[in-house]
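Quick mapping for you: the protein sequence lines, in order, are chains V, A and F.
Counting in the working numbering, the first sequence runs from 99 upward without gaps.
Counting in the working numbering, the second sequence runs from 394 upward without gaps.
Counting in the working numbering, the third sequence runs from 151 upward without gaps.
Here a beta-carbon is modelled for each residue, glycine too, at the ideal position from N, C-alpha and C.
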Amino acid sequence: MKRSMQIFTRPWIWSWLAAAVVFAMTLALTGADGATGLAYAALSFGSFAAIVGLGQMLVMTLGPGNVDLSIPATMTLAATLGLKVMNSEPGNAMLGLGVALLAGLLTGGMNVLLIFLLRLPPIIATLAASLVYQSVAIWSNRGLRIKPPEALADFATGRLIGVPNVAWVALVLSIIIWIVLERSLWGRWLLASGQNMRAARLAGVPVQAVRAVTYIAVALLASVAGYLLASFSGGAALNMGSEYLLMSIAVVVIGGTSVAGGFSNVPGIWGASLFMFLVVSMLNSYGAGAGLRMVLTGTIIIFIVIAASSRRGRL
Amino acid sequence: MENVASGNAPIVTLTDAEKHFGPVRALDGVSLSISPGECLGLVGHNGAGKSTLVNLINGGLAPSAGQITYTDALGKDTLNPMSAGVRSVFQELSLCPNLTVAENLRISHSDLKGSGWRRRAREEISAALDQVFPGHGIDAGIEVDQLSIAQRQMVEIAIGFSPRGSTARLVILDEPTSSLDAGIAEQLLDHIRTFCAAGGAVIFITHMMGEIFATASRIVVMSDGKVVADRPTTDFTRQGLVDAMGHVAANSDPETQSEKRVLTEEILRTPQGLSAHRGEIVGLSGLAGHGQAEALARLYFESTSSWRSLGSKSQMVFVAGDRGRDGVLPLWSILRNASITVLGQGKWLLDHKAEVEFGKTWKERVGIRTENIDNPILSLSGGNQQKVLFARALASDAPVVIMDDPMRGVDVGTKRDVYRMIREEAARGRTFLWYSTETAEVCECDRVFVYRNHEISAELTGDDITEDQILAASFEMQEA
Amino acid sequence: MQTKYRILLPVISLAVLLAATFWMQPRTMSYFGVNLLFNLAVPIALATIAQMMIIMVNDIDLGMGAFVSLVACVVATFLHDTPVLGTFMLIGLILSYAAMGALIHRLELPAIVVTLGMSFVWGGLALFILPSPGGASPGWLRALMTSKPPLMPMAVVAAILISIVTHLLIMRSGIGTVLRGVGGNTRAVQRAGWSVIWLKALAYGLAGLFAVLAGMALVGLTTSADANIALRYTLLSIAGVILGGGEFIGGKVSPTGAVIGALTLTLASSFLNFMRLNPDWQIGAQGAILILVLTARLLFAKREVRT
Chain V
99 MKRSMQIFTR PWIWSWLAAA VVFAMTLALT GADGATGLAY AALSFGSFAA IVGLGQMLVM
159 TLGPGNVDLS IPATMTLAAT LGLKVMNSEP GNAMLGLGVA LLAGLLTGGM NVLLIFLLRL
219 PPIIATLAAS LVYQSVAIWS NRGLRIKPPE ALADFATGRL IGVPNVAWVA LVLSIIIWIV
279 LERSLWGRWL LASGQNMRAA RLAGVPVQAV RAVTYIAVAL LASVAGYLLA SFSGGAALNM
339 GSEYLLMSIA VVVIGGTSVA GGFSNVPGIW GASLFMFLVV SMLNSYGAGA GLRMVLTGTI
399 IIFIVIAASS RRGRL
Chain A
394 MENVASGNAP IVTLTDAEKH FGPVRALDGV SLSISPGECL GLVGHNGAGK STLVNLINGG
454 LAPSAGQITY TDALGKDTLN PMSAGVRSVF QELSLCPNLT VAENLRISHS DLKGSGWRRR
514 AREEISAALD QVFPGHGIDA GIEVDQLSIA QRQMVEIAIG FSPRGSTARL VILDEPTSSL
574 DAGIAEQLLD HIRTFCAAGG AVIFITHMMG EIFATASRIV VMSDGKVVAD RPTTDFTRQG
634 LVDAMGHVAA NSDPETQSEK RVLTEEILRT PQGLSAHRGE IVGLSGLAGH GQAEALARLY
694 FESTSSWRSL GSKSQMVFVA GDRGRDGVLP LWSILRNASI TVLGQGKWLL DHKAEVEFGK
754 TWKERVGIRT ENIDNPILSL SGGNQQKVLF ARALASDAPV VIMDDPMRGV DVGTKRDVYR
814 MIREEAARGR TFLWYSTETA EVCECDRVFV YRNHEISAEL TGDDITEDQI LAASFEMQEA
Chain F
151 MQTKYRILLP VISLAVLLAA TFWMQPRTMS YFGVNLLFNL AVPIALATIA QMMIIMVNDI
211 DLGMGAFVSL VACVVATFLH DTPVLGTFML IGLILSYAAM GALIHRLELP AIVVTLGMSF
271 VWGGLALFIL PSPGGASPGW LRALMTSKPP LMPMAVVAAI LISIVTHLLI MRSGIGTVLR
331 GVGGNTRAVQ RAGWSVIWLK ALAYGLAGLF AVLAGMALVG LTTSADANIA LRYTLLSIAG
391 VILGGGEFIG GKVSPTGAVI GALTLTLASS FLNFMRLNPD WQIGAQGAIL ILVLTARLLF
451 AKREVRT
């Protein structure tokens, strides 16, 4: 009895429960035939949210005031540059990925420079820098819409054992990050820094290195997400990242990661990412207009946050 | 000040007051009353229930059972501590650092309204400061975060005694002298005596026995949530008081050190003149807030990097005294808190078994009182948390251990354990840099640096290390 | 003593930018020129003040832009068509902001997430009211915003007025002091017998009030509204507070600085227009200016520590 109740004390369970409920409610309307299709779509679209969510989670684990607002700009820039260098020619997929990662490394490095050299609050630093990245993306793109190489597009939209390839990629990334957080020295350092930066420093944790690596990691994850998203949707668009700013923060919080820092939760990111997609598709299938859909999405986010916090209060 | 006495009706009366936190009985049936003109010394070990009692009296907590009644200045019964004139000055600083001294008075003085309230606030707080701490030199228009810790504490005490629209009748002082130097503390004790003579009442919590005997008219001893003794001060002797607290106290005189060790090579010297030899216990002393803690923090920050970690091979480790700010990682277990410094041993993936083994060893060695080292660190008492921080530092191979007043708020038993460990480690060749606010502790050291105004004013060794010498070096200039 | 100097840097940044603009386009050095430069500053300044109220109590509002957009939609439709109903709706919006503050405090929710969630709600409601751009500004509002006071253009007069009122409210008044105290040390304020939940509600309510004023000013200038009209105000308002010398935690804010920060941001985009910069780089240059000013602030702060 006690053990079976214990699962409800896990911070990630709520996002998964919410996703399951919304899934069931959608099927109640559309019928069980749509189940596979809906799950497939949720996994595909949820993957992008999960990848950027993982990055944002690492940053938010660093504690209050740490958040990366340049994720959308980095996604767009990485995707634009990646597609440009591939130029739709076959065999260039890895080159494109490399360029995208390089773009992420540069934006992440730039953020780190601003945060450390200029000692700017990360919110302001990433916000100001994202305007610059956005400009670079606009300038390099010039309104062209370059298609990804066919093989890459096929991979991004394809599946393996019934699961979308993008979901496999996101899953591998999640497992790597989970191992880093739970089983590695660096993960311990990150969690310690997030609880109390000064105490961690006095305990010998190289806190600045931890912060720098974290801000670069989030940019790399964002660039992977941008690259995959552009391949998935047949090209880069200048506003392709915009919805992922709010999305990345929302999935972190719904997923049960502590906004106060020092505690992160990988499984919760997945539950939250699936949930965010499923809510929209549920409201769509119930025929809600754009306005109502947004109102309900917002309300649901807030209710989940309240539910998660009152559970915390009881423990 | 108008006369605050209103007959001799007790200002506050507790009848069988209890407070439970879950299964823990923090306060287990306390009956107590405090009358005008009394200065009540409240003593007891950590976890004896002093803070809980104080929080019940000032209305911060509601009792789980029993009742608390107050009498206001007009002799009327009331249930509201505020209208009875009960004020608290807390151990941890409770000022708003972004506001000026005068603006902070506004926070606790809701009657300061209308045009010109700023001028009136300035006048009131300046008057209160002048009364308690003559010659304080604090500008009421300065922001609190520009003040030193001692000055902040002074402001806080002054706000506690200031009229604030009514009259302070019962002022609760929780370790008020912890960051004050001797001269300022004496001013405060003077004021307490004057205040009580004029009919005010004070509850005074302190670790300093001398202060209790110098000011209290009555002493209440607490242990395990109960009042175990409640008598006039004249009925107690120092030894009797310590016995009443329920610990076999260490002799208040420091145990005389067996022999002074022969000096070995110097391993540390800062441009400011701080130096240490291998295996030496170096004390930092002087009045509180004169730059000792900052000197140690700076030494640590400059000798270690925030970009790379050497793990257990680092040159220096730090034992924090301000646990909340500098030491404890609050979300973690005891084990994780203890292992963070030595973790990994150069490998990136962690060895879970080795960590558990490490935890077992150190739980024994420093004697952490817990059933399970996977319990949260915050489940421990302050003294045991401090032991975890000691374990964290001592477990590394670092040749230099920096200690920033680590005995703050630690009970006698823990202190004795720690003294023993420090001696053993020093004998093995480790160097300790130890800042302490207790002169008796500093007198135990092999070499003492006395700080004044953020500079070293004296370096004492051997037989020169005496309380008198340290005091002389701390005060010198201030006599003029 | 920092507070007294905190205002210096924002003033200097604005002066430098203004001088550069005048130097590049001497014709702007006139009544109409200045009016043109700062035309859109009034709603941004009000939104920045609103954001400052939230930052003052150690929270941050990521839904400010969506909320101002919603207000604009209400103003351009209900307030224009049925003024009484419109007024009640605006009051209701202010109260809902206050309620949001109370909720955040009561349940100890992270403000960043609740305001984020609410931004969906505000945005959805705005779409509901105005699915496509339209509406009209109430005549009196239009007249007020485009009026031409003697000596100084409306934008400047309004900016001065806003900074005086908010300075008196936040820096000088007793309740403003207590509100800043909440940002500095919430527990101390609570122990002194204040109801922090009411104070938080008050701070959020004030934020709602100024955000409503921002939406009204915006519609007065643009004469119509749409559901996305002010989305960029979220970031602009945060940047404005910081440019104005405010800090994210600790209740260290400066209302006058915030207004100046908002003016600086507005001027920066006008300035870039005059530079005939390649439009691709306009956004980036704004970011660069923001970084530049913050760098200057750092150098400034360093000097201060040394002296």
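Check: Between S383 of chain V and the rest of its own chain, which residues show a CB-CB distance below 8 angstroms, the 5 nearest in sequence each way excluded?
Finding: Correct list, in chain order: T124, L127 and T128.
Notebook entry, point to check: Grouping DSSP H, G and I as helix and E and B as strand, with all else coil, what is N401 of chain A?
Noted result: Three-state result, N401 of chain A: strand.
Checklist line | Distance between I727 of chain A and L742 of chain A (C-alpha atoms, nearest Å) | finding: The alpha-carbon atoms of L742 of chain A and I727 of chain A are separated by roughly 20 angstroms.
Margin query: Residues of chain A with CB closer than 8 angstroms to the CB of R337 of chain F, please, in chain order.
Written below: Residues of chain A passing the Cβ test: S487.
Next item on the list: Return the residues of the stretch 716-727 of chain A that lie within a Cβ-Cβ distance of less than 9 angstroms from chain V, sorted by chain order.
Entry: Per Cβ criterion, the list reads R716, G717, R718, D719, G720, V721, L722, P723, L724 and W725.
Item checked: Inside the stretch 257-323 of chain V only - beta strand (DSSP E) runs reaching at least 3 residues -> Correct list: empty.
Notebook entry, point to check: S696 of chain A lies in the alpha helix (DSSP H); which residues open and close that run?
Noted result: Segment Q685 to S696, the alpha helix (DSSP H) holding S696 of chain A.
Notebook entry, point to check: Does any CB atom of chain A fall closer than 9 angstroms to the CB of A307 of chain V?
Noted result: At least one C-beta of chain A is nearer than 9 angstroms to the C-beta of A307 of chain V.
Item checked: DSSP three-state assignment for C432 of chain A, whether helix, strand or coil -> Assignment of C432 of chain A by DSSP, reduced to helix, strand and coil, places it in the strand class.
Checklist line | N-terminal and C-terminal residue of the alpha helix (DSSP H) that K808 of chain A is part of | finding: The continuous alpha helix (DSSP H) containing K808 of chain A extends over residues V805 to A820.
Checklist line | Nearest-angstrom Cα separation, counted from F526 of chain A out to I577 of chain A | finding: Pairing I577 of chain A with F526 of chain A, the inter-Cα distance amounts to about 7 angstroms.
Note to self: Could you check whether the Cβ of L289 of chain V sits closer than 9 angstroms to any Cβ belonging to chain A?
What the structure shows: Answer yes: the Cβ-Cβ gap between L289 of chain V and chain A drops below 9 angstroms somewhere.
Check: Using CA coordinates, which residue listed in F:G365, F:A367 and F:Q340 is at the minimum distance from L454 of chain A?
Finding: Selected option, being the one with the closest Cα: F:Q340.
Margin query: In the DSSP output, which residue or residues are listed as bridge partners for Q827 of chain A?
Written below: As written in the sequence, residue 827 of chain A is Trp, which differs from the Gln given in the question. DSSP, once it has assigned bridges, lists A:G676 and A:M796 as partnering W827 of chain A.
Next item on the list: Mind checking which residues open and close the alpha helix (DSSP H) that includes I314 of chain F?
Entry: Annotation for I314 of chain F: the continuous alpha helix (DSSP H) segment containing it runs M304 to T316.
Checklist line | R480 of chain A: contacting residues in chain F (beta-carbon distance under 7 angstroms) | finding: In chain order: nothing, as chain F lies at least about 10 angstroms away.
Next item on the list: Determine, using beta-carbon pairs with one atom in the stretch 216-231 of chain F and one in the stretch 372-386 of chain F, whether at least three such pairs fall under 8 angstroms.
Entry: Put simply, the stretch 216-231 of chain F touches the stretch 372-386 of chain F. At least three CB pairs are less than 8 angstroms apart.
Notebook entry, point to check: Within 9 angstroms (strictly less), CB to CB, does I204 of chain F reach chain V?
Noted result: Interface with chain V (9 angstroms Cβ-Cβ cutoff): I204 of chain F is excluded.
Margin query: Just checking: is the beta-carbon of N428 of chain F within a distance shorter than 9 angstroms of some beta-carbon in chain V?
Written below: At least one chain V Cβ lies under 9 angstroms of N428 of chain F.
Margin query: According to DSSP, simplified to helix, strand and coil, what is R177 of chain F?
Written below: Here R177 of chain F sits in helix by DSSP.
Check: Are the C-beta atoms of S282 of chain V and some chain A residue less than 9 angstroms apart?
Finding: S282 of chain V counts as touching chain A.
Notebook entry, point to check: Given that W700 of chain A touches chain V, what residues does it touch there, using C-beta distances under 7 angstroms?
Noted result: Correct list: P304, Q306 and A307.
Next item on the list: Can you say whether T237 of chain F is buried or exposed, counting buried as having 16 or more other CB atoms within 10 angstroms of its CB?
Entry: Burial state of T237 of chain F is exposed, judged by a 10 Å Cβ sphere holding fewer than 16 other Cβ atoms.
Next item on the list: Any chance you could list the alpha helix (DSSP H) runs of at least 4 consecutive residues sitting entirely within the stretch 587-617 of chain A, in chain order?
Entry: Along the stretch 587-617 of chain A, the alpha helix (DSSP H) occurs as fully enclosed runs of 4 or more residues at 602-608, listed in sequence order.
Notebook entry, point to check: Is any beta-carbon of chain F found at less than 9 angstroms from that of I111 of chain V?
Noted result: Not closer than 9 angstroms to any Cβ of chain F, the Cβ of I111 of chain V fails to qualify, so no.
Check: When you compare only the Cα positions, how much space is there between V735 of chain A and V548 of chain A?
Finding: Looking at the backbone, the Cα of V735 of chain A and that of V548 of chain A are separated by about 41 angstroms.
Next item on the list: Spell out whether any CB of chain F is found under 9 angstroms from the CB atom of G396 of chain V.
Entry: At a cut-off of 9 angstroms between C-beta atoms, G396 of chain V counts as an interface residue with respect to chain F.
Check: Any idea what DSSP makes of Y384 of chain V, helix, strand or coil?
Finding: If DSSP states are grouped into helix, strand and coil, Y384 of chain V belongs with coil.
Margin query: By the DSSP assignment, the alpha helix (DSSP H) with S142 of chain V in it spans what residues?
Written below: The continuous alpha helix (DSSP H) containing S142 of chain V extends over residues A133 to T159.
Margin query: Does chain A have any CB closer than 9 angstroms to the CB of A59 of chain V?
Written below: Residue 59 of chain V lies beyond the stretch modelled for chain V, which goes from 99 to 413, so this question has no answer here.
Next item on the list: Please confirm whether L229 of chain V and L440 of chain F have their CB atoms less than 9 angstroms apart.
Entry: Taking C-beta atoms as the reference points, L229 of chain V and L440 of chain F count as a pair closer than 9 angstroms.
Next item on the list: Report yes if the C-beta distance between V613 of chain A and L467 of chain A is below 9 angstroms; otherwise report no.
Entry: If you check the CB distance, V613 of chain A and L467 of chain A do not come in under 9 angstroms.
Margin query: At the level of alpha carbons, what is the spacing between D719 of chain A and T159 of chain V?
Written below: Going from the Cα of D719 of chain A to the Cα of T159 of chain V covers about 19 angstroms.
Check: From T215 of chain V to A357 of chain F, what does the alpha carbon distance come to, in whole angstroms?
Finding: In the sequence as displayed, the identity of residue 215 of chain V is Leu instead of Thr. If you take the alpha carbons of L215 of chain V and A357 of chain F, they lie about 33 angstroms apart.
Next item on the list: Measure the Cβ-Cβ separation of T227 of chain F and L294 of chain F and say whether it is below 9 angstroms.
Entry: No, the pair does not count as a contact, with Cβ atoms beyond the cut-off.
Next item on the list: Name the two residues that bound the continuous beta strand (DSSP E) containing S481 of chain A.
Entry: The continuous beta strand (DSSP E) containing S481 of chain A extends over residues V479 to V482.
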